[in-house]
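Protein chains: 2
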Amino acid sequence: MTNDPSTCSNAVLRQAMRRIGQLYDDALAPSGLRATQHGLLATVRKMGSPTMRELAERAVMDLSGLSHTLKPLTRDGYLRLAPDPRDRRARRITLTEKGEAKLGETAQLWRGAQDRFEAVFGMERAVALKSELRILTSPEFQDAFNAAGAEMGTGTR
Amino acid sequence: MTNDPSTCSNAVLRQAMRRIGQLYDDALAPSGLRATQHGLLATVRKMGSPTMRELAERAVMDLSGLSHTLKPLTRDGYLRLAPDPRDRRARRITLTEKGEAKLGETAQLWRGAQDRFEAVFGMERAVALKSELRILTSPEFQDAFNAAGAEMGTGTR
DNA sequence: CTCATATGGATGCATATACAAGCTTACGGA
DNA sequence: TCCGTAAGCTTGTATATGCATCCATATGAG
Chain U
1 MTNDPSTCSN
11 AVLRQAMRRI
21 GQLYDDALAP
31 SGLRATQHGL
41 LATVRKMGSP
51 TMRELAERAV
61 MDLSGLSHTL
71 KPLTRDGYLR
81 LAPDPRDRRA
91 RRITLTEKGE
101 AKLGETAQLW
111 RGAQDRFEAV
121 FGMERAVALK
131 SELRILTSPE
141 FQDAFNAAGA
151 EMGTGTR
Chain B
1 MTNDPSTCSN
11 AVLRQAMRRI
21 GQLYDDALAP
31 SGLRATQHGL
41 LATVRKMGSP
51 TMRELAERAV
61 MDLSGLSHTL
71 KPLTRDGYLR
81 LAPDPRDRRA
91 RRITLTEKGE
101 AKLGETAQLW
111 RGAQDRFEAV
121 FGMERAVALK
131 SELRILTSPE
141 FQDAFNAAGA
151 EMGTGTR
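Top to bottom, those sequences are chains U and B.
With the first letter of the first sequence counted as 1, position 18 gets the number 18 in UniProt numbering; the numbers rise by one all the way through.
With the first letter of the second sequence counted as 1, position 21 gets the number 21 in UniProt numbering; the numbers rise by one all the way through.
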């Protein structure tokens, strides 16, 4: 069977994501944050006050998807959105004090999950795996994939 | 920064999944199926007539999540659910003729994406990556992760 | 300055998923 | 046979995301 679904790169990636997402979600559960939300808050803290677009790009997310995803976080007061005075179309995202506090609270939980992941899978291996995955998220890979589509006549896009 | 979000295994996995999911979705777009849906149909075909639970396990999905996800597919006539005569609690999932036909239609599209992925990332590398990811989805990994939680006092569950 | 176009987002709609509840059918006793 | 409990699903609710569309602001050409 040349089209065995168990060999589909996308399917395998998705399955791994579901499982690992589960493990991290469980670890963070006591804080009330999902792993996704924790990741976004941490990314915002690291970036300072990114615009929607900047954060979306960093997180490899669709702009509209990010817009939806941020709602629970702004609703709960962890993030604040304010129009950029330089360009009033843009909205700058900032971590509130409550958000900072929450990140302080989740630090242990997240670290625990991360440590367990590295302990069980192996640090070297974990680093190598993430390295490979980052290549997949690079714009270069995306471009090459689409270019291959043109060459192989499988769909340009 | 020991809690750099860019090193979070979960975040990196998710980002890769979003990107690759996008590429496969685009490739399958002409068929009207999402990559996820295509994967489910193909898995059902491969399994025969699995019950909800069996399919959920194979797909590393939550049973309720699967229940919701199958709705568009049954609604559109690609799949049919029928109670198992042996155990009327269980429901067997079968691919309809329309579903078979659709899979025939998507075969080329999926193969194209898969080929491009392998061509761009490298066949060896793709195989190795999937191998690593499959380990993450194994029950053994999950158990080890949770066991580590108990030992490291980070959260038993 | 004025308008066409590009840029930055927000919103409606649809699928993807998970958890908590609730319902129905099986099954192993007492 | 009657129960209590387990097993297998479905449904309600909430977050996660992407596409198409729409609104507002910025920009560059004339």
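Glycine included, every Cβ here is placed at the ideal spot set by N, Cα and C.
Note that the C-beta distance between U/Asp26 and U/Arg34 is not below 8 Å.
Taking 8 Å as the cut-off, the Cβ atoms of B/Ala11 and U/Gly39 count as close. Looking from the CA of B/Thr69, the closest CA among B/Asp84, B/Met52, B/Arg89 belongs to B/Met52.
For U/Arg18, the closest C-alpha among the options B/Arg134, B/Pro83, B/Arg45 is that of B/Arg134. Residue contact check for B/Thr137 against chain U: a CB pair falls below 8 Å. Beyond the five residues adjoining it in sequence on each side, U/Glu118 comes within less than 6 Å, by CB distance, of Ala126 in the same chain, given in chain order.
Nearest in C-alpha terms to U/Leu109, of all of U/Ser31, U/Gly21, U/Leu13, U/Gln22, is U/Ser31.
Proximity of chain U to B/Glu132 at the Cβ level (cut-off 9 Å) is accounted for by Ala16, Phe121, Arg125, Ala128, Leu129, Glu132, in chain order.
Using beta-carbon distances, B/Leu23 counts as an interface residue toward chain U, with a partner under 8 Å.
For the UniProt domain "HTH marR-type" (10-138) of chain U, the continuous alpha helix (DSSP H) assignments of 4+ residues that do not extend past its boundaries occur at 35-47, 52-58, 63-75, 97-121, 123-137, in sequence order. Ranked by Cα distance from B/Arg75, the first of B/Glu124, B/Asn146, B/Thr96 is B/Thr96. Between U/Val44 and the set B/Asn3, B/Ala16, B/Lys71, the nearest pair of CA atoms involves B/Asn3. Closest in C-alpha terms to U/Gly48, from the list U/Glu132, U/Glu124, U/Gly99, U/Leu63, comes U/Gly99.
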